[in-house]
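Chemist: Under our numbering, the letters of the sequence shown match residues 9 to 236, in that order. C-beta atoms are modelled at their ideal positions from N, C-alpha and C, and glycine is treated no differently. What follows is a single structure, and I will ask about it in a moment.
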Amino acid sequence: MMNTTSGEKTESHSATGYKGLLRIPTIWIMMFALFNSAMSTSFVNPAMAGHLESFHLSPPVLGLLFLLSGAFYSVTAPLNGMLVDRFKCHLGGMMVAPAAIIISLSLNGPSPFLPLTKSLPLVIISQIIFGAGLSTLQIPTYRNTLEAAEKAGFEDGTATYGLISGLFEAVYSFGAFVGPTAGGLIQQHFGFAWTVTVISAFHLCFLMMFSVFYIYKKCKRKEEDINA
């Protein structure tokens, strides 16, 4: 009987937990960031093969170019985790990350709005910035989501971690679906350069949205310090 009751409580908490999470505005902002990162990665990685065809690269060199973004993601992810954990700079990092991703995608195209021509050095630089920018965007997202949930009354425990992880998986999978699907359709009609420009626009929207959120958080914190 005790096990049945415990299971019913857990199931009930999960059923209402997602509704509670989705009522928190910060959660939506963080999920937008996660969606953008998944969409960007799932489009750029498969599309790079066709984008690099004009350079007539050997398979080893082509493989190295594909590894660049992943390698720099792996290198910078622990550093970003340390910065978030020790220096509590998870909000500031998310201001820099979308700007870095916008720059990397604009260079990779290159964007039609830039007076640049496609070149191998630009692709290399863009891949490096892309990997570092993605880790800077994704690593603080979980921490921000968890803090927002705790402030809204969720307990700091495995039940909350499970809810957030499930939401993360759902949003990331949706972004990974939209990236190659919508991105491939846009690329078919307008080309790679315009497609990465459209994806950059999503990151620009997030950057503006998060800037307002960041300024609001700073002002609210100052007001709380004054009142204290």
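List the whole-angstrom C-beta distance separating alanine 140 from phenylalanine 80, where the pair is believed to meet the contact cut-off of C-beta under 8 Å.
Modeler: Yes, alanine 140 and phenylalanine 80 are in contact; Cβ-Cβ is about 5 Å, under 8 Å.
Chemist: From lysine 159 to alanine 85, what does the alpha carbon distance come to, in whole angstroms?
Modeler: For lysine 159 and alanine 85, the distance between alpha carbons rounds to 26 Å.
Chemist: List the whole-angstrom C-beta distance separating tyrosine 222 from methionine 103, where the pair is believed to meet the contact cut-off of C-beta under 8 Å.
Modeler: The Cβ separation is near 6 Å, so the contact holds.
Chemist: Using the rule of at least 16 other Cβ atoms within 10 Å of the residue's Cβ for burial, across every protein chain shown, is phenylalanine 185 buried or exposed?
Modeler: Exposed is the call here.
Chemist: Given a cut-off of 7 Å, decide if glycine 117 and proline 204 are closer than it, judged by their beta-carbon atoms.
Modeler: The sequence shown places valine at residue 204, not proline. Their beta carbons are under 7 Å apart, which means valine 204 touches glycine 117 by this criterion.
Chemist: For the alpha helix (DSSP H) that contains isoleucine 194, what are its first and last residues?
Modeler: Unbroken alpha helix (DSSP H) run through isoleucine 194: 166 to 198.
Chemist: Excluding sequence positions up to five away, which residues of its chain have a Cβ less than 7 Å from the Cβ of serine 112?
Modeler: Cβ neighbours of serine 112 beyond the five flanking positions: Ser134, Ile137, Phe138, Gly141.
Chemist: Can you tell which of Glu231, Gly71, Tyr224 has the C-alpha that lies nearest to the C-alpha of proline 33?
Modeler: For proline 33, the nearest C-alpha among the options comes from Tyr224.
Chemist: Relative to the C-alpha of serine 62, which candidate in Glu163, Tyr26, Val131 has its C-alpha closest?
Modeler: When each option's Cα is compared against that of serine 62, the closest is Val131.
Chemist: Give, in chain order, every unbroken run of the alpha helix (DSSP H) that is at least 4 residues long and sits entirely within the region 50 to 134.
Modeler: Runs found: 67 to 95, 98 to 116.
Chemist: Does the separation of the CB atoms of threonine 144 and methionine 38 fall below 7 Å?
Modeler: It is not a contact, given that the beta carbons lie outside the stated cut-off.
Chemist: To the nearest angstrom, report how far apart tryptophan 202 and serine 66 are at their CA atoms.
Modeler: When rounded, the distance between both Cα atoms is 27 Å.
Chemist: Rounding to the nearest angstrom, what Cα-Cα distance links threonine 125 and histidine 98 in this structure?
Modeler: So the alpha carbons of these two residues sit roughly 35 Å apart.
Chemist: Is the beta carbon of serine 45 closer than 7 Å to that of glycine 187?
Modeler: Not a contact, by the Cβ cut-off of 7 Å.
Chemist: Can you give the Cα-Cα distance for valine 207 and isoleucine 234, rounded to whole angstroms?
Modeler: Checking the sequence, you will find isoleucine at residue 207 rather than valine. Each residue's alpha carbon lies about 41 Å from the other.
Chemist: Which residues in the same chain as glutamine 195 place their Cβ atom closer than 6 Å to its Cβ, once the five residues preceding and following it in sequence are excluded?
Modeler: Counting only Cβ-Cβ distances below 6 Å, and skipping sequence neighbours, we find Thr203.
Chemist: Can you give the beta carbon distance from leucine 29 to alanine 157, rounded, assuming they're within the 8 Å contact cut?
Modeler: Indeed they touch by this definition, with Cβ atoms about 6 Å apart.
Chemist: Taking C-beta to C-beta, are phenylalanine 43 and glycine 161 nearer than 7 Å?
Modeler: Contact: no.
Chemist: Tell whether a beta-carbon distance below 7 Å holds between histidine 211 and isoleucine 147.
Modeler: No, Cβ-Cβ distance for histidine 211 and isoleucine 147 is not below 7 Å.
Chemist: So, is glycine 58 buried or exposed, given that buried needs 16 or more other C-beta atoms within 10 angstroms?
Modeler: Glycine 58 is exposed by the Cβ-count criterion.
Chemist: Alpha carbon to alpha carbon, what distance is there between arginine 229 and aspartate 93?
Modeler: Their backbone Cα atoms lie some 20 Å apart in a straight line.
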